[in-house]
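K.L.:
In the working numbering, the protein residues as written are 1460 to 1707. We put the CB at the ideal spot given by N, CA and C, even for glycine. Bear in mind the structure is a predicted one, so any value in this text is a computation, not a measurement. Below is the structure I would like to discuss, written out as structure tokens.
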């Protein structure tokens, strides 16, 4: 069982409720107690939504049933409203707090991954109820990532002669002032530069994984470092060969 933000809040709120119930012995329960009970139920509901989705419906049903039973038995609309408000605030507050606490380390580790072509961008994002990030910006980044991968994975000929699929000339010759050979060499140099950027980024990712003790991730990043280093050298060699062929 992972110690998440929701679980920590749930334990803390549960302890406070137990303290109020068995130590303070407040009778009758106050509005504060009703809101606190609702907060605890909301945090519990959020925890099951995120960690055990297949049990979330049962928890939600239990919360709703408890509210209805209390209302029928006590006929206290204030208690029901305070508890319901606490549930809503518990879910919302836990979700927002989890984004700032749990996602901060991941965001710091993969901050550079936003730039195009990153393998980390393909990792599944943690589900959240409230998302601050706009869908349009996500789609924009995915589009740029696809273009970068297409650019670095394409063959030299397709990157310089076929421009309808992803506008390769925008990358190497936006003014269309180069000769065919110059465009080929420029495309290869550009690919080498992109591969070098990826190599350096994966190198930083490997260092971070090693510092976290994640050897499997570090090994994967090490393989990516070697892969992009080889790609960079290959593109530079190909560009040099094209230049030699052009001078003959």
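#1: Would you check if the distance between the CB atom of residue 1542 and the CB atom of residue 1505 is smaller than 8 Å?
#2: Taking the alpha carbon of residue 1699 as the reference point, which residue from 1651, 1660, 1685 has its own alpha carbon closest?
#3: Just curious, the alpha helix (DSSP H) that residue 1693 is in, first and last residue?
#4: First and last residue of the alpha helix (DSSP H) that includes residue 1649?
#5: Which residue marks the beginning of the alpha helix (DSSP H) containing residue 1467, and which one marks its end?
#6: Distance, Cα to Cα, residue 1550 vs residue 1668?
#7: Please classify residue 1557: does DSSP put it in a helix, a strand, or coil?
#8: In terms of residue numbering, what span does the alpha helix (DSSP H) encompassing residue 1512 cover?
#9: Out of curiosity, what's the CA-to-CA distance linking residue 1558 and residue 1499?
#10: What does the alpha-carbon distance come out to for the pair residue 1623 and residue 1637?
#11: For residue 1523, which of 1512, 1510, 1509, 1545 has the nearest alpha-carbon?
#12: With DSSP as the reference, label residue 1486 as helix, strand or coil.
#13: Please classify residue 1647 as buried or exposed, where buried requires at least 16 neighbouring CB atoms within 10 angstroms.
#14: Quick check on the burial criterion: 16 or more other C-beta atoms within 10 angstroms. Buried or exposed for residue 1497?
#15: Can you tell me which of 1695, 1548, 1670, 1678 puts its alpha carbon nearest to the alpha carbon of residue 1643?
#16: For residue 1657, is the classification buried or exposed, using 16 other Cβ atoms within 10 angstroms of its Cβ as the cut-off for buried?
#17: Of the residues 1548, 1476, 1640, 1473, which one's Cα is nearest the Cα of residue 1701?
#18: Just tell me which of 1502, 1703, 1692 has its CA closest to the CA of residue 1547.
#19: Apart from the five residues on each side of it in sequence, which residues of its chain come closer than 7 Å, Cβ to Cβ, to residue 1759?
P.N.:
The structure says:
#1: By 1-based counting over the chain shown, the position of residue 1542 is 83. By 1-based counting over the chain shown, the position of residue 1505 is 46. Taking 8 Å as the Cβ cut-off, residue 1542 and residue 1505 do not qualify as a contacting pair.
#2: On the chain shown, position 240 is the one that residue 1699 refers to. For residue 1699, the nearest C-alpha among the options comes from 1651.
#3: Reading the chain shown from its first residue, position 234 is the one you call residue 1693. Start and end: 1674-1706.
#4: Counted from its first residue, the chain shown places residue 1649 at position 190. Residue 1649 -> alpha helix (DSSP H) spans 1639-1670.
#5: Taking the chain shown and counting its residues from 1, one reaches residue 1467 at position 8. Residue 1467 -> alpha helix (DSSP H) spans 1464-1478.
#6: In the chain shown, counting from the first residue as 1, residue 1550 sits at position 91. In the chain shown, counting from the first residue as 1, residue 1668 sits at position 209. About 32 Å.
#7: Counted from its first residue, the chain shown places residue 1557 at position 98. Residue 1557: helix per DSSP, three-state reduction.
#8: Position 53 of the chain shown, counting from 1, holds the residue named residue 1512. That run of the alpha helix (DSSP H) goes 1512-1533.
#9: Taking the chain shown and counting its residues from 1, one reaches residue 1558 at position 99. Taking the chain shown and counting its residues from 1, one reaches residue 1499 at position 40. Near 19 Å, if we compare the C-alpha coordinates of residue 1499 and residue 1558.
#10: Residue 1623 sits at position 164 when you count from the first residue of the chain shown. Residue 1637 sits at position 178 when you count from the first residue of the chain shown. Model confidence at residue 1623 stands at a pLDDT of 38, short of 50, so the residue's coordinates are unreliable and nothing is read from them.
#11: Numbered from its first residue, the chain shown carries residue 1523 at position 64. For the residues 1512, 1510, 1509, 1545, the minimum Cα distance to residue 1523 belongs to 1545.
#12: As a position in the chain shown, residue 1486 is number 27, starting the count at 1. In the structure shown, residue 1486 sits in coil (DSSP, three-state: anything other than H, G, I, E or B).
#13: Your numbering for residue 1647 matches position 188 in the chain shown. Buried, because 16 or more other Cβ atoms sit within 10 Å of the Cβ of residue 1647.
#14: Here the question's residue 1497 lines up with position 38 in the chain shown. Buried, since its Cβ has 16 or more Cβ neighbours within 10 Å.
#15: On the chain shown, position 184 is the one that residue 1643 refers to. Considering only alpha carbons, the answer is 1695.
#16: Taking the chain shown and counting its residues from 1, the one referred to as residue 1657 is at position 198. Classification for residue 1657: buried.
#17: As a first step, residue 1701 is located in the chain shown; it is residue number 242 there, counting from the start. It is 1640 whose Cα lies nearest to the Cα of residue 1701.
#18: Numbered from 1 along the chain shown, position 88 holds the residue referred to as residue 1547. The candidate whose alpha carbon is nearest that of residue 1547 is 1502.
#19: Since the displayed the chain opens at 1460 and closes at 1707, residue 1759 lies outside it and no answer follows.
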